[in-house]
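Inspection log for the structure reproduced underneath, given as structure tokens.
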Amino acid sequence: MPWGDGIPKIRCFSLTDIHDFESCPFRFFVRHNLERKAEIDDSSPSMALGTLLDESIKLFLTSNALSFGVDYLPNIINGALAKMKYNVSEKGSRSFYYKHMDFINDEIVQKANEVFKKYYEALDGKIKKSLGEVGFCEYVIDCEDGKLKFWGGPDTFELGDDGVPEVVDYKYHENPERGVSRLDMDLMPKMYILLSAKKLQDKGYSKARFVVRQWSQPTDDSLWEDFDLTELDSISERLKSKVQKILESKDLSFCEKSFCRACKSEKRVEYIKQLEDKKMINLSADVLYTP
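Just so you know, we're using our numbering here: the sequence shown kicks off at 8 and counts up by one.
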């Protein structure tokens, strides 16, 4: 991850940051502006399983395991788990995998093996060829008041049957229908294509396709959108405008949902006071201090 480029972290945005702001501004301010996400991010058995599966498909593709057969999949999953554990041992609570490790046990590993095997067999082993490791992606936009950065990235780059590179995000949904209904198929494809564009252009491609692959629906190929990598200015401008409005906003509100660890945090008052002290919010009603 390229630090030291002079762009303040408060001007760096992931897709999750934008979604946070739209669903719960308070959660956004705590995670993004105060950089306290390690205190309020959470996981679940389903999320941990999805993360293990995502890391497994990345390893499967980049290790050229396509020819090894279904019996080799447990080795891939164990390798992905080892990578996650090592990352946590190195970074501690700063690791992306930190919260998930609380839920990964023998049962989750066994479930991952079952899901991956069913996925592999449903496709008759015909998983698409990797175009190389994705790594960390970023896209910088120049603004009058300084630079903005988008960062993050998809799970894999794969070669489509028609030769068009596919920017792929894998999703695990226990309830596929409900999971698909919650996908942001407007912003997500645009963000991930923008983040992936330079790497794909460096490989010689001028077009790309964003694809969502569902672990529980292997043959569903309905979630995709094609893009011309040479004509992304309108997408860049749209994301720039959206983020500039977020940066200008100091209006605090709370989703108050039972599962929101920001709204329900014991540190809620502390967070609000810190936001006020840093002049990141406008707040006039003391009643907001009390959940």
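In this text, a Cβ means the ideal position worked out from N, Cα and C, and glycines have one as well.
- Annotated three-state conformation of Ala269 is coil, per DSSP.
- The beta carbon of Tyr278 lies closer than 8 Å to those of Phe33, Phe36, Val37, Leu41, Arg43, Ala269 and Ser272 in the same chain, with the five residues before and after it left out.
- Under the DSSP assignment, Ala129 falls in the alpha helix (DSSP H) whose first and last residues are Asp113 to Ala129.
- The beta carbons of Leu88 and Glu62 sit closer together than 9 Å.
- Residue pairing by DSSP places Ser63 in no beta bridge whatsoever.
- Annotated as proximal: Ile14 and Val147, with beta-carbon spacing under 9 Å.
- Rounded to whole angstroms, the Cβ separation of Ala45 and Ser100 is 5 Å, and the two are in contact under 8 Å.
- The straight-line gap separating the alpha-carbon atoms of Gln281 and Phe261 is approximately 16 Å.
- Of the residues assessed, Phe217 falls on the buried side of the cut-off, its CB having 16 or more other CB atoms within 10 angstroms.
- Assignment of Thr226 by DSSP, reduced to helix, strand and coil, places it in the coil class.
- Ala215 is classed as buried because its beta carbon has at least 16 other beta carbons within 10 Å across all chains shown.
- When beta bridges are read from the DSSP output, Asp235 appears opposite Lys214.
- Here Tyr177 carries a strand assignment [DSSP, helix/strand/coil].
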